[in-house]
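Remarks on the structure that follows.
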Amino acid sequence: MTLKAQEKESTLAFVSKEEILKDFRVAVESRHASLMGRKEVFMGKAKFGIFGDGKELAQIAMAKAFRKGDFRSGYYRDQTFMMALGELTVQQYFAQLYAHTNVEAEPASAGRLMNGHFATRSLNEDGTWKNLTEMYNSAADISPTAAQMPKLLGLAYASKLFRENKGLQELTQFSNNGNEVAWGTIGNASTSEGMFFESINAAGVLQVPMVISIWDDGYGISVPKEFHTTKGSISEVLMGFQRTETEKGFEIIKVKGWDYEALVQAFDYAGELARNEHVPVLIHVEEMTQPQGHSTSGSHERYKSAERLKWEKDWDCIKKFREYIITTGLASEEDLDKIDTEAKAEVKKQKEAAWADFSGEIKKELQEAVTLIRNTAEGSGQKANLLQMAEELAKSINPIRKDVISTVRKSLFLLRNDSSSAKESLRNWYENQKELNHDRYSSHLYSESDFSALKVAQKPAKVDESSPLVDGREILQAFFDYTLSNDPRFFAFGEDVGKIGDVNQAFAGLQAKHGEWRVTDTSIRECTIVGQGIGTALRGLRPIAEIQYLDYLLYGIQMLSDDLASLQYRTKGGQKAPLIVRTRGHRLEGVWHAGSPMGMILSTLRGMHVCVPRDMTQAAGMYKTLLESDEPAIVVECLNGYRLKERLPHNVGEYTVPLGQPEVLKEGSDVTLVTYGSMCRIVLEAAHELEEIGISAEVIDVQTLLPFDLTGTIGESIRKTNRVIFADEDVPGGASAFMLQQVMDHQDVFRFLDSEPQTLPAKAHRPAYSSDGDYFSKPSADDVVEKVYQLMHEVDPNRFPAI
Ligand SMILES: Cc1ncc(C[n+]2csc(CCOP(=O)(O)OP(=O)(O)O)c2C)c(N)n1
Ligand SMILES: [Mg+2]
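Following the numbering used here, the numbering of the sequence shown begins with 33 at its first residue and continues without gaps.
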């Protein structure tokens, strides 16, 4: 549907002349920032640049409709929007281009992200939440195209929850009755991604206040839109989503990117509709341009025709805005020229200030290093070399930190035979810089606040003879019931989680008891289940997003890896999304239902905790620890454990299981067997068999793979047994190799080993179907017994002859 002209009589009736001229100023400032930004890259002052030129006007219109408490989830073209809101100064914009690591200078990512990645800071320095309803909020951008969409769904869904779930009304810091709109932006070509369609469909089903704008410049880098989109138009393709008098759906609006009046009206209308009625809206902004091409990596003259390039000049939105202002008589050509000249001077000034700030810090470090190196030269046998290195460093043009630190490290190497106080000073300076650089480039992978999962107080489970023996799933059910009763922020959702209480019944009866907004069914859409979790967690809620089986995590792992796991890191503690992903894995049969791809998880989800409880008692305690913390995590429950009997602790819902603390399940003196999850029972069974033939195995459950054995329990055991085997159900070189590496690198055990450390993983292929498939694909108790026996045979062939 094209927005009807009669919706609002005229933009001029509700936007003042001053405001329009201010809009013009923001637009031209943003344009000059783009133009100068590109030059900075070509001058070698920044590595890469991607800019928002050609997209200014629509973003100004979007900013007008954006209210405090609202959220944006967008992409790299949105500088003008951020500037129009006052959430991005030109100086900050250039600070990011230069990768300034100071969080005050570059609040979005502290120099960790390339330019065009926007974010506001939701957290105070101590990790506590700010009042998000008093701020303009932008979720932290990521580079993969369309990956802003799943989280956008969650940001919008949070408004739905805040409005519909009356238990959340007290949380005024996060919402005002769900009146917040989640505004998304995406490029036309990126709408081809699966996650775009998945998010659109889910938003239509859920009827959430989401306004998604498509910035359509006709291209995705060099490829024109006919190659991306059926009929060459995403709004045409999506017309089936258009709501009607009788059916819910989307409101779909088409508007031109150079038409100021229509843009202002479209965004105003969209915002009101989404905010008041929770109707999702799609705004297809067509006829946008790219005055400088896609990015600094290439020039668009290579792939655009002369006609197209001319068309882009003629229909440039700032040119058209200028014409509009002049023809409506709001200002003269000279007035606008004056604004343009002033804007250009202002941008230049702020750019220079950003450079002075950024380069000043490094120059200061350089000066210090040069002086310290020169000092070491006196009396050193390496005098000439050291002085030369200092001189070269002193002369460098636009030095970066690497130049300084690398020279210092090379100097220290040259000085290895010296023992002067000047060398000590240089070494101390370097050690200090190491700490600073850790903070600049490597901090905040995990929470550094008081809410870190590692700081959660330990409360042991109370279990005794009077604790009833129940099915494992009933322990989880008791835990979730307790938590739903005591924490209004907590809710669970996923495929089959609602009505039947998940396929393994841990939520059985809990939707009936606590309501549909607390325990909720979703469609089959793992990627946006994760996004829904991230978005709601970004808005202060405590979701558990369920992935029905571990194998299907692959559909959601991109969001977990690119977005969630990197969130605290890429904002340097500015945002958090303490989402818990619940799933179940390990033992079952079949190629797609039995996997234990822990290596995949470990490699891609650094920044999250990875919990692998051996039973439901441990799982409930881990959930409690995580809910007390502000960190994201994945919990892999044992698929074959829901019907096994466990004792229901008296304090379920309150006890915690600490992360990073392995548990010794059985003591032994000959060999240490390290494992986790469903393998714990198998390894224990094997250990008891081994006991009968005189081999004493110590069995350790690591409990969590990330963090890994912070207490040094495995090392301590190896120092006693002098032998170790790491067993699991992952492929060779997967999590068993990870465990081996962790122990070898961090626990100083090499000299205590009397036998080669070994791993006992599953086969490299996925497990075959049926119990026989399982037996021949994954380690069994027989495999463990044989592996340990073989090890002992090598130690003492007389006592343990070959089988
Ligand atoms: C998942 C993924 N694939 C590829 C890229 C590389 N890439 C970056 S931008 C881009 C083109 C995007 O075009 P469009 O969505 O139309 O946005 P525009 O840049 O035109 O505004 C591509 C292919 C990426 N960032 N992420
Ligand atoms: Mg495009």
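Every residue, glycine too, gets a C-beta built ideally from N, C-alpha and C. Computed from a predicted structure; not experimentally measured.
Q. Considering only C-alpha positions, which residue in the set Ile725, Cys559, Ser628 is nearest to glutamine 822?
A. To locate residue 822, count along the sequence shown from 1; it is residue 790. Sorting Ile725, Cys559, Ser628 by C-alpha distance to the C-alpha of glutamine 822 places Ile725 at the top.
Q) Buried or exposed: which applies to phenylalanine 390, given that a residue is buried once 16 or more other Cβ atoms fall within 10 Å of its Cβ? A) If you number the sequence shown from 1, residue 390 lands on position 358. Buried is the call here.
Q. If you draw a straight line from the C-alpha of glycine 84 to the C-alpha of leucine 658, how long is it?
A. As a working mapping, residue 84 is identified with position 52 in the sequence shown. As a working mapping, residue 658 is identified with position 626 in the sequence shown. For the pair glycine 84 and leucine 658, the Cα-to-Cα distance works out to about 39 Å.
(Q) Out of Cys643, Asp300, Asp780, Arg433, which one is the CA nearest neighbour of phenylalanine 46? (A) Along the sequence shown, one-based indexing puts residue 46 at 14. Cα-wise, what sits closest to phenylalanine 46 is Asp300.
Q: Report yes or no: do the stretch 720 to 739 and the stretch 687 to 705 share at least 3 C-beta pairs separated by less than 8 Å?
A: They touch, by the three-pair rule.
Q: Drop a sphere of 10 angstroms on the beta-carbon of phenylalanine 512, count the other beta-carbons inside from all chains shown, and report buried for 16 or more, exposed for fewer.
A: Here the question's residue 512 lines up with position 480 in the sequence shown. The residue is buried, with at least 16 neighbouring Cβ atoms inside 10 Å.
Q: Answer yes or no: do leucine 738 and histidine 641 have a C-beta to C-beta separation smaller than 7 Å?
A: Translated into the one-based positions of the sequence shown, residue 738 becomes position 706. Translated into the one-based positions of the sequence shown, residue 641 becomes position 609. Their beta carbons are under 7 Å apart, which means leucine 738 touches histidine 641 by this criterion.
Q | Reference proline 789, options Arg340, Pro811, Lys96, Gly747, closest by Cα | A | Position 757 of the sequence shown, counting from 1, holds the residue named residue 789. Nearest of Arg340, Pro811, Lys96, Gly747 to proline 789, Cα basis: Gly747.
Q: Following the continuous alpha helix (DSSP H) through tryptophan 343, name the residue where it begins and the one where it ends.
A: As a working mapping, residue 343 is identified with position 311 in the sequence shown. Where tryptophan 343 is concerned, the enclosing alpha helix (DSSP H) stretches over 338 to 346.
Q. Where DSSP assigns a beta bridge to isoleucine 246, which residues make up the other side?
A. On the sequence shown, position 214 is the one that residue 246 refers to. According to DSSP, which records beta bridges pairwise, isoleucine 246 is partnered with Ile218, His316.
Q) Under a Cβ-count criterion, where at least 16 other Cβ atoms within 10 Å of its own Cβ denotes burial, should phenylalanine 782 be classed as buried or exposed? A) The residue labelled residue 782 in the question sits at position 750 within the sequence shown. Counting Cβ neighbours within 10 Å, phenylalanine 782 comes out exposed, since fewer than 16 surround it.
**Q.** Touch test, the stretch 659 to 669 against the stretch 479 to 492, Cβ-Cβ under 8 Å, three pairs minimum
**A.** As far as the Cβ criterion goes, the stretch 659 to 669 touches the stretch 479 to 492, which means the pair count is three or higher.
Q: Report all residues from its chain with a CB closer than 8 Å to the CB of glutamine 564; omit the five preceding and five following residues, and keep chain order.
A: For the purposes of this step, residue 564 is identified with residue 532 of the sequence shown, where counting begins at 1. Pro182, Leu185, Gly186, Tyr189, Ala234, Phe525, Thr554, Pro575, Ala577.
(Q) Could you check whether the Cβ of aspartate 110 sits closer than 6 Å to any heavy atom belonging to ligand 2? (A) The residue given as residue 110 occupies position 78 in the sequence shown. False, no ligand heavy atom lies under 6 Å from that Cβ.
Q. Does the count of Cβ pairs from the stretch 348 to 356 and the stretch 93 to 102 closer than 8 Å reach three?
A. Not touching, per the Cβ criterion.
Q) When we look at the beta-carbon of glutamate 344 and count the other beta-carbons within 10 Å, is it buried (16 or more) or exposed? A) Indexing the sequence shown from 1 puts residue 344 at position 312. By the neighbour-count criterion, in which 16 or more other beta carbons inside 10 Å mark a residue as buried, glutamate 344 falls on the buried side.
Q) Between the stretch 125 to 133 and the stretch 142 to 151, do three or more beta carbon pairs fall short of 8 Å? A) Output reads yes: the stretch 142 to 151 touches the stretch 125 to 133.
Q | Start and end residues, beta strand (DSSP E) containing histidine 470 | A | Translated into positions along the sequence shown, residue 470 becomes position 438. Element bounds for histidine 470: not the beta strand (DSSP E) but the alpha helix (DSSP H), 453 to 474.
Q | Which of helix, strand or coil DSSP assigns to aspartate 647 | A | Within the sequence shown, residue 647 is the residue found at index 615, counting from 1. Looking at aspartate 647 - three-state DSSP - the assignment turns out to be coil, as it is neither helix nor strand.
Q: May I ask which residues mark the beginning and end of the alpha helix (DSSP H) holding valine 56?
A: Start at 1 with the first residue of the sequence shown, and residue 56 comes out as number 24. Reading off the sequence, residue 56 comes out as phenylalanine, not valine. That run of the alpha helix (DSSP H) goes 49 to 74.
Q | Per-residue DSSP class, three states only, for proline 739 | A | Counted from its first residue, the sequence shown places residue 739 at position 707. Coil.
**Q.** Span separating the alpha-carbon of alanine 544 from that of glutamine 580
**A.** Residue numbering aside, residue 544 sits at position 512 when the sequence shown is read from its first letter. Residue numbering aside, residue 580 sits at position 548 when the sequence shown is read from its first letter. Straight-line measurement puts the Cα of glutamine 580 at about 21 Å from the Cα of alanine 544.
Q) Going by the beta-carbon positions, is the gap between alanine 767 and methionine 630 smaller than 7 Å? A) The count along the sequence shown starts at 1 and reaches residue 767 at position 735. The count along the sequence shown starts at 1 and reaches residue 630 at position 598. Yes, these two residues count as a Cβ contact at 7 Å.
Q: With a 10 Å radius around its C-beta and 16 neighbouring C-beta atoms as the bar for buried, classify asparagine 156 as buried or exposed.
A: The residue given as residue 156 occupies position 124 in the sequence shown. Residue environment for asparagine 156: exposed (fewer than 16 other C-beta atoms within 10 angstroms of its C-beta).
**Q.** Three-state secondary structure (DSSP) of leucine 145
**A.** Locating residue 145 in the sequence shown gives position 113, counting from the first residue. Three-state DSSP puts leucine 145 in coil, outside helix and strand.
Q) According to the neighbour-count rule (16 or more other Cβ atoms, all chains shown, within 10 Å of its Cβ), is lysine 36 buried or exposed? A) Against the sequence shown, residue 36 aligns to sequence position 4. Interpretation of lysine 36 is limited by its pLDDT of 44, a score under 50 that renders its predicted location unreliable; no figure is taken from the coordinates.
Q | Three-state class that DSSP yields for proline 256 in the structure shown | A | Against the sequence shown, residue 256 aligns to sequence position 224. Correct three-state label for proline 256: strand.
Q) Anyone know if the C-beta pair for arginine 550 and phenylalanine 206 falls short of 7 Å? A) Looking up residue 550 in the sequence shown gives position 518. Looking up residue 206 in the sequence shown gives position 174. No, these two residues do not count as a Cβ contact at 7 Å.
**Q.** Secondary structure of glutamine 274, DSSP reduced to three states
**A.** For the purposes of this step, residue 274 is taken as the residue at position 242 of the sequence shown. Three-state result, glutamine 274: strand.
**Q.** Inter-residue spacing [alpha-carbon to alpha-carbon] between aspartate 762 and proline 694
**A.** Position 730 of the sequence shown, counted from the first residue, corresponds to residue 762. Position 662 of the sequence shown, counted from the first residue, corresponds to residue 694. Straight-line spacing of the CA atoms in aspartate 762 and proline 694 works out to 19 Å.
Q) Does the distance from the CB of threonine 753 to the CB of threonine 704 come in under 7 Å? A) Locating residue 753 in the sequence shown gives position 721, where the first residue counts as 1. Locating residue 704 in the sequence shown gives position 672, where the first residue counts as 1. Contact flag set, yes.
Q) Just to check, is the beta-carbon of proline 176 closer than 6 Å to a non-hydrogen atom of ligand 1? A) Here residue 176 is taken as the residue at index 144 of the sequence shown, counted from 1. Yes, Cβ of proline 176 sits closer than 6 Å to a heavy atom of ligand 1.
Q) Under three-state DSSP, which class holds methionine 640? A) Against the sequence shown, residue 640 aligns to sequence position 608. Strand at methionine 640.
Q. Quick one, what's near ligand 2 if you take every residue whose CB is closer than 6 Å to any heavy atom, in chain order?
A. Per the Cβ criterion, the list is Gly219, Asn220, Ala221, Asp249, Tyr251, Gly252.
Q. How would you call valine 255, buried or exposed, if buried means at least 16 neighbouring beta carbons within 10 angstroms?
A. By one-based count along the sequence shown, residue 255 stands at place 223. By the neighbour-count rule (16 or more Cβ atoms within 10 Å), valine 255 is not buried but exposed.
Q.
Need the endpoints of the alpha helix (DSSP H) that alanine 377 sits in, please.
A. Walking along the sequence shown from the start, residue 377 turns up at place 345. Where alanine 377 is concerned, the enclosing alpha helix (DSSP H) stretches over 365 to 409.
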